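In this note's numbering, the protein residues as written are 177 to 584.
Cβ atoms here follow ideal geometry from the backbone N, Cα and C, with glycine treated the same way.
Please read these numbers as outputs of a predicted model, since none were measured by experiment.
Below: the structure, in structure tokens.
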Amino acid sequence: MALLVQKYGGTSMGSVERIDHVASKVAAARERGHRIVVVVSAMSGETDRLIKLAKSINPRPNPRELDQMIATGEQVTIALLALALEKRGVAARSYTGAQVAIRTDQAYNKARIRHIDTERLLADCEAGTVPVVAGFQGVDEAGNITTLGRGGSDTTGVALAAALKADECQIYTDVDGVYTTDPRVEPKARRLDRVTFEEMLELASLGSKVLQIRSVEFAGKYKVPLRVLSTFQEGPGTLITLEESKMEDPLISGIAFNRDESQLTVSGVPDRPGIAAAILGPIGDANIEVDMIVQNVGADGTTDFTFTVHRNDHDRAVEISRKVATDLHAKGVRTAQDIAKVSLVGVGMRSHAGIAAKMFKVLAAEGINIRMISTSEIKISVVIEDKYLELAVRALHQAFDLAEAPGH
Ligand code: ADP
Ligand code: ASP
Ligand code: MG
């Protein structure tokens, strides 16, 4: 008799009918003899609505009060699902993060889980009751409600599976697995039977929001068997595996993208040691994360220094860079917000040269200019103009045969 943690996302919990459908799935899994712990998200759109509501009364809401409020979305769906299960004759009990307790640090809006008390959940399972746990939320030492960052219910699911030593963590969503790229952008995208943790981590951190990055980190660290499946369609889904890469690994497993970054260039900075530190030091001090960085070889004693930050941090980053530019006697600061990042990910890249060159050729053939490039062992990312994003994704998907390649 397996112990399964099943996490149902916002679309799956999006209406009373859908919640009823989720209840039928949970009931069926129990019929098959499994012990089930359920984690749920708020109804789709609800977290956005709550954030908007908070901002409508105060454009810069206090993070504690924001968490207090946005955690309510999941409090509604746990109770609704418990009611739907009971209607079907399945004993169920709903729990908020604090009731479990899911203990986190104090970082409101992006808290990290430190410990989960499992006694109550295990006692419920023992008694044949299905615990329904609110995703996305926890409680800090002082009893304040915290949330885990957008998409955080995935992390609740994986963390619970780790704490309960579950046989599998099943992430039920509105697609039937992890695809070669977002099927909303490329309808020819293909479902992957398996993908390695390493690749999934890159895909998630480069923009594929099907799993929150932290959930993948957590699953890798605690070796939680993780599977992504559809709530609405039967099928094997995608298994995230620990397997080492093999010779037959495909070169490219997937294409990720995001539109969340903006680009800043400090131009005409003196080309001497310490410049990168002088520019990025104050940016880091302001808690702004820098993603890509390019510094050119200088001509005539000056150079341009370009980097990207999350779009939410754009205004503050510009403010800081302008000040630094003045101190350094640089020419000025240019910015671009209409950019997108497209990335190829695949463990097979390790043993193959020429992938970057092929990527650049494909983009050139479409007339797409590359503004920045960064590479690691298993990924290549380029920054391009936002308006070419879809075109780039589809052209690369085709050029690297992602639609036809046999499963791995
Ligand atoms: P949930 O509400 O269930 O958590 P999300 O919206 O967070 O669902 O994640 C599922 C969505 O992720 C899909 O609808 C799809 O548009 C998007 N997505 C992005 N990249 C991928 C990918 N490579 N494979 C599958 N889905 C992806
Ligand atoms: N409801 C939260 C969000 O929309 C958490 C989640 O759905 O995973 O981000
Ligand atoms: Mg999600």
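Asked: Secondary structure of R370, DSSP reduced to three states; Found: strand
Asked: Continuous beta strand (DSSP E) stretch holding S391: start and end; Found: No beta strand (DSSP E) contains S391, which is instead part of the alpha helix (DSSP H) from I389 to K397.
Asked: Coarse secondary structure for T357, derived from DSSP in three states; Found: coil
Asked: Contact under 8 Å by Cβ, V400 with V308; Found: no
Asked: Contacting residues, own chain, Cβ-Cβ under 7 Å from E374 (five flanking each side not counted); Found: V523 and I554
Asked: Unbroken alpha helix (DSSP H) run spanning R194, endpoints; Found: V192 to E207
Asked: The region 323 to 332 touching the region 279 to 291, judged by at least three CB pairs closer than 8 Å; Found: yes
Asked: 6 Å CB neighbourhood of T187 in its chain, flanking five on each side removed; Found: S220 and D350
Asked: Proximity test, D330 beta-carbon vs the ligand MG heavy atom, cut-off 7 Å; Found: yes
Asked: L382, buried or exposed, once every other Cβ within 10 Å from all chains shown has been counted against 16; Found: buried
Asked: Test item: CB-CB of V215 and L336 under 8 Å; Found: yes
Asked: Segment contact, 8 Å Cβ cut-off, at least three pairs: the region 438 to 449 with the region 498 to 511; Found: yes
Asked: Buried versus exposed call for P426 [16 or more other C-beta atoms within 10 Å across all chains shown]; Found: buried
Asked: Inter-stretch contact (C-beta, 8 Å, three-pair minimum) for the region 225 to 239 and the region 351 to 369; Found: no
Asked: Proximity below 8 Å, CB of R279 to CB of D300; Found: no
Asked: Close Cβ partners of P359 (< 7 Å) along its chain, the five nearest in sequence each way excluded; Found: V351 and A365
Asked: Assumed close pair L180, Q346 - CB separation to whole angstroms, cut-off 8 Å; Found: 6 Å
Asked: Distance cut-off 7 Å: G325 Cβ against heavy atoms of the ligand ADP; Found: no
Asked: Same chain, Cβ closer than 6 Å to G190, five either side skipped, listed in chain order; Found: M219 and S220
Asked: Three-state secondary structure assigned by DSSP to H486; Found: strand
Asked: Where S188 falls: helix, strand or coil (DSSP); Found: coil
Asked: E193, buried or exposed, once every other Cβ within 10 Å from all chains shown has been counted against 16; Found: exposed
Asked: Which listed residue (G430, D491, K231 and D447) has its alpha carbon closest to that of I459; Found: D491
Asked: Simplified DSSP assignment, three categories, for Y284; Found: coil
Asked: C-beta atoms of V538 and R547 nearer than 8 Å; Found: no
Asked: Between the CA atoms of A568 and L520 - distance to the nearest angstrom; Found: 11 Å
Asked: Boundaries (first-last residue) of the beta strand (DSSP E) holding L520; Found: I515 to V521
Asked: The region 526 to 534 touching the region 449 to 469, judged by at least three CB pairs closer than 8 Å; Found: no
Asked: Closer than 7 Å: K385 CB and nearest the ligand ADP heavy atom; Found: yes
Asked: Cβ separation of V518 and S557, assumed to be a contact under 8 Å, to the nearest whole Å; Found: 7 Å
Asked: Cβ neighbour criterion (16 or more within 10 Å) applied to N434; Found: buried
Asked: Own chain residues within Cβ distance below 6 Å of E566, not counting five before or after; Found: V361
Asked: Per-residue DSSP class, three states only, for G508; Found: strand
Asked: Near the ligand ASP: G185 beta-carbon under 7 Å from a heavy atom; Found: yes
Asked: Per-residue DSSP class, three states only, for F536; Found: helix
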